[in-house]
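Worksheet: the structure to be examined is printed underneath.
Residue numbers (my numbering): 1224 to 1303.
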């Protein structure tokens, strides 16, 4: 699936709130009910470690089309 999106993350101390809105530009699929979607996520950043500083995080995300949820996801990662 090809898509274009706008996203931003707002940081409040060690807590991040991610907002994303997107549009599917690929041909219509049976699995996609609406071409516009939104994604909301919350990330918790652990204190930085090492030099250069690496920050690990864990998050939970909700992706939806209008008022219908597509999935809830859990994620972990590192900000280098």
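Backbone N, C-alpha and C define an ideal beta-carbon position, used for all residues, glycine too.
Model, not experiment: these values are computed from the prediction.
| Query | Result |
| --- | --- |
| Where residue 1302 sits in the DSSP three-state scheme | strand |
| Helix, strand or coil at residue 1224 [DSSP, three-state] | coil |
| Under 9 Å between C-beta atoms of residue 1246 and residue 1233 | no |
| Cβ-based neighbour list, residue 1198, same chain, cut-off 6 Å, excluding 5 preceding and 5 following | One cannot answer for residue 1198 here, as it falls past the ends of the chain, which runs 1224 to 1303. |
| For residue 1262 and residue 1292, the rounded distance between their alpha carbons | 10 Å |
| Beta-ladder partner(s) of residue 1286, from DSSP | 1262 and 1294 |
| Pair within 9 Å by beta-carbon distance, residue 1294 and residue 1280 | no |
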